[in-house]
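>
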Amino acid sequence: MTAALVPAARQLSVLAPAFGLHTALISRVTLRVPPLGDLYLEDAIGAAAALWLAPRCVPPLAALSSPASEPSLPRLSRRRLAFLLAALGARYLLSGCIKQGAGWLLAAATPRLAAPRAWALATLAGHLAWVGMAVRLLGDELGFFAPRSAWLRLDWSASWLRWVLCGAAACVPAFELASSLAPSPELGLGALASAAPTITAQITSLDDGLAFALSVFTACASGPFLEEVLYRGFLLRALRQHMPLGLAAPASAALFALHHGTGPGQPTLPLAALGLVFSATFVGSGNLAVSILTHSLWNLRVVALSRLR
6 MTAALVPAAR QLSVLAPAFG LHTALISRVT LRVPPLGDLY LEDAIGAAAA LWLAPRCVPP
66 LAALSSPASE PSLPRLSRRR LAFLLAALGA RYLLSGCIKQ GAGWLLAAAT PRLAAPRAWA
126 LATLAGHLAW VGMAVRLLGD ELGFFAPRSA WLRLDWSASW LRWVLCGAAA CVPAFELASS
186 LAPSPELGLG ALASAAPTIT AQITSLDDGL AFALSVFTAC ASGPFLEEVL YRGFLLRALR
246 QHMPLGLAAP ASAALFALHH GTGPGQPTLP LAALGLVFSA TFVGSGNLAV SILTHSLWNL
306 RVVALSRLR
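Numbering (the working numbering), first residue to last: 6 to 314.
1. Measuring CA to CA, which of R312, S257, L263 is closest to A285?
2. What are the uninterrupted segments assigned as alpha helix (DSSP H) that are 4 or more residues long and contained completely in the region 240–306, given in chain order?
3. Looking at the secondary structure, which residues open and close the alpha helix (DSSP H) in which L143 lies?
4. With a 10 Å radius around its C-beta and 16 neighbouring C-beta atoms as the bar for buried, classify Q16 as buried or exposed.
5. Would you call the CB atoms of L274 and A183 closer than 9 Å?
6. Which residues does DSSP list as the beta-bridge partners of L36?
7. Can you grab the Cα-Cα spacing for the pair T128 / K104, in whole Å?
8. Taking the alpha helix (DSSP H) that W168 belongs to, which residues open and close that run?
9. For the region 137–154 against the region 92–104, do three or more pairs of beta-carbon atoms, one drawn from each stretch, fall closer than 8 Å, so that the two count as touching?
10. Taking only the alpha-carbon atoms, compute the straight-line gap between L197 and P178 and give it to the nearest angstrom.
11. If I measure Cβ to Cβ from L78 and keep anything under 8 Å in the same chain, skipping five residues before and after, which residues do I get?
12. Under a Cβ-count criterion, where at least 16 other Cβ atoms within 10 Å of its own Cβ denotes burial, should S220 be classed as buried or exposed?
13. Label G195 either buried or exposed according to how many other C-beta atoms from any shown protein chain fall within 10 Å of its C-beta, with 16 as the threshold for buried.
14. Once you ignore the five residues that flank F261 on each side, which residues in its own chain have a CB closer than 6 Å to its CB?
15. What does the alpha-carbon distance come out to for the pair V295 and F239?
16. Can you confirm whether the region 162–179 touches the region 294–308 when touching is taken to mean that 3 or more C-beta pairs between the two stretches lie within less than 8 Å?
17. Indicate the three-state DSSP secondary structure (helix, strand or coil) for E191 in the structure shown.
18. Considering only the beta carbon of each residue, do A23 and A175 sit closer than 9 Å?
19. Over the uninterrupted alpha helix (DSSP H) stretch that includes C102, give me the two end residues.
20. Taking buried to mean at least 16 other C-beta atoms within 10 Å of its own C-beta, is V19 buried or exposed?
21. Quick one: using the 10 Å Cβ neighbour count with 16 as the cut-off for buried, is W303 buried or exposed?
22. Below 6 Å CB to CB, which residues in the same chain sit around H132 once its five sequence neighbours on both sides are set aside?
23. For R306, count the other beta carbons within 10 Å of its own beta carbon; 16 or more makes it buried, fewer makes it exposed. Which is it?
24. Starting from F150, trace the alpha helix (DSSP H) in both directions and tell me its first and last residue.
Below you can see the structure in the form of C-alpha cells.
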C-alpha cells in the first residue's frame with residue numbers, strides 16, 4: 006500500500022508547484038500576437054494541451070458513432086439505468102433538504118454562530134449526506150466500490166501527471182470559448198468569480214477561516230471526487246452501453262452542468278464544456294484519478310484567482 010503511494014507522491018510534488026506557477030504567474034501574462042491582438046499565455050498553453058489530448062482522448066470514429074460496452078463491465082438495462090438515475094436524483098434533492106434543515110437547526114441552536122460559518126457547516130452537512138447516500142446506492146446496486154469492481158477504475162499509482170497537467174490547462178480555453186458562445190453576457194469570463202458557480206463566489210467572499218477551509222474542502226476535494234465517480238465513472242460508461250460516445254459524453258456533461266443549477270451566475274454551457282474535458286481525460290487515460298484531479302484543480306484555480314483578484 007505504501008509503495009503504491011510513492012508514485013502518486015512524486016507526481017503531486019511536481020503538480021503542486023506547477024499549479025501554483027500557472028495560477029499565480031502564467032494566468033497574468035499576455036502575449037502580443039499581431040493578427041489576434043493580446044492573447045493570454047494560459048490560453049496558448051491550454052490550446053497546446055488540447056492538441057496533445059485530442060488524438061489520445063478521441064477514439065476511432067466507429068466508437069464515436071456506435072454503442073460500446075466494456076467486456077468486464079456488467080451491462081445495465083435501460084430500465085435499471087433509469088431507476089438508478091431517478092434514485093440518485095431523489096437523493097440529491099433530499100440532500101438539499103438536509104442542508105436547509107441543518108441551516109435552520111444551527112440558527113436555532115447556536116444563534117451566536119457567525120453566518121458564514123453556519124452556511125459552511127450547513128453546506129458541508131448537505132454535501133456529506135449526498136455523498137453518503139450516493140455512495141451507498143452505487144455500492145448496494147452495483148458493488149461499485151468493491152475491491153475488484155469493474156466500475157471503479159481508480160489508480161493513484163499510475164502515471165497520470167501529464168494527463169492532469171494537460172487536462173487542467175485545456176479547461177481554461179474550453180471554459181472561455183463556451184463562455185463566449187453563451188447567450189447571456191453575464192456568462193462571459195471578464196470576471197472569473199462572477200462566471201463561476203454561485204457557491205464558489207460565496208466561498209471566495211468568506212472571511213471566516215474555518216468556514217473558508219470547510220467550503221474549500223467541499224468544493225475542491227470531496228465534491229470533485231463524488232462528481233467524477235458519478236458522471237464519468239458511472240454515468241458516462243453506463244450511457245455508452247446504449248448510445249455512441251459522441252452522444253454519451255455530451256449527455257453526461259449536460260447533466261453535470263445541470264446538477265450545478267441553471268440560475269443567475271450558473272454558467273451551464275461553460276460547465277458542460279468542462280464536463281467534456283473531464284470526460285476526455287477519463288476516456289483517454291482510463292483512470293478516474295485523472296478526471297478527479299483535473300476537476301479539483303479547476304475548482305481550486307477559480308477559488309485562488311478570485312481571492313488573488
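Even for Gly, the Cβ is constructed at its ideal location relative to N, Cα and C.
Quick answer:
1. S257
2. 242–245, 250–264, 273–290
3. That run of the alpha helix (DSSP H) goes 120–147.
4. buried
5. yes
6. L44
7. 6 Å
8. 166–186
9. yes
10. Confidence in L197 is poor, its pLDDT being 38 and thus under 50, which makes the residue's placement unreliable; the coordinate value appears in the next sentence. Their Cα atoms are separated by approximately 13 Å.
11. Within the same chain, L78 has close Cβ partners A155, W156, R242, Q246.
12. Result: buried.
13. In this prediction, G195 scores a pLDDT of 37, lower than 50, which makes its location untrustworthy; the coordinate-derived value is nonetheless stated afterwards. Exposed.
14. Y236, G280
15. 15 Å
16. yes
17. Low local confidence applies: a pLDDT of 44 at E191 is under 50, so the model's placement there is unreliable, and no value is given.
18. For A23 and A175, no; Cβs fall outside 9 Å.
19. 83–114
20. exposed
21. buried
22. T223
23. buried
24. Under the DSSP assignment, F150 falls outside any alpha helix (DSSP H); it carries neither an H nor an E label.
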